[in-house]
Amino acid sequence: MQLLDTPVDLEVLGVGRLRELYYAVLMGEAGAAARRSFGVGNEIARTIDYLANHLNEQVTIDDMADHVGMSRAVFHRRFKEATTMSPIQFVKSMRLNNAAMKIAEGKTVSEAAWDVGYHSASQFSREFKRMYGQSPRQWSNGQQLATGLA
Numbered sequence: 063m064q065l066l067d068t069p070v071d072l073e074v075l076g077v078g079r080l081r082e083l084y085y086a087v088l089m090g091e092a093g094a095a096a097r098r099s100f101g102v103g104n105e106i107a108r109t110i111d112y113l114a115n116h117l118n119e120q121v122t123i124d125d126m127a128d129h130v131g132m133s134r135a136v137f138h139r140r141f142k143e144a145t146t147m148s149p150i151q152f153v154k155s156m157r158l159n160n161a162a163m164k165i166a167e168g169k170t171v172s173e174a175a176w177d178v179g180y181h182s183a184s185q186f187s188r189e190f191k192r193m194y195g196q197s198p199r200q201w202s203n204g205q206q207l208a209t210g211l212a
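Using the working numbering, you'd call the opening residue of the sequence shown number 63 and step up by one each time.
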């Protein structure tokens, strides 16, 4: 996250640091579970990649299940086993995390919400507050204050 403060550092070091993180997870205590859950050809990993590329679109459980050729029930069970979240919880978390990063990069709360597929500012604010414990504006102000102090 510190790399977000300096675009040059992010550009030069970002991919390498991400690889380090992947390596640490795969070699750590959770490595076996991570390899099983997100290995090559895994339907759940393909779903997460699909979601990342369609974050600002309305994606249903049926869409995700169809994408990997599973029934809705089997997909839901396997997704929850792999991620410990329901598909809808995961999508919401992914969108809110992505929006938080966009806000940290300087986008307005409204722009960030729109970019990740929210069409209702009040719904976005409610869900953001539930996840982060503060409103998007409070969080944004806190990020700006932290950046100003660094």
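Yeah, the Cβ is synthetic: ideal placement off N, Cα and C, and Gly gets one too. This one's a predicted model, so the numbers in the text were calculated from it and none came from an experiment.
Shown here, Val121 sits in coil according to DSSP, grouped into three states, outside any helix or strand. The shortest C-alpha to C-alpha distance from Ile150 to any of Ala162, Arg134, Ile165 is the one to Arg134.
Contact between the stretch 158–174 and the stretch 184–202 is present: 3 or more CB-CB pairs across the two stretches fall below 8 angstroms. Counting other Cβ atoms within 10 Å of its Cβ, Val136 stays below 16 and is therefore classed as exposed. DSSP places Glu143 in the uninterrupted alpha helix (DSSP H) bounded by 134–145. The stretch 110–129 makes contact with the stretch 138–154: 3 or more CB pairs, one atom from each, lie closer than 8 angstroms. DSSP places Val87 within a helical segment (H, G or I) once states are collapsed to three. The beta-carbon distance between Ser197 and Ala183, rounded to whole angstroms, is 11 angstroms. This is too long to meet the 8 angstroms contact definition.
Across the structure, Phe152 and Met89 are spaced so that their CA atoms are roughly 24 angstroms apart.
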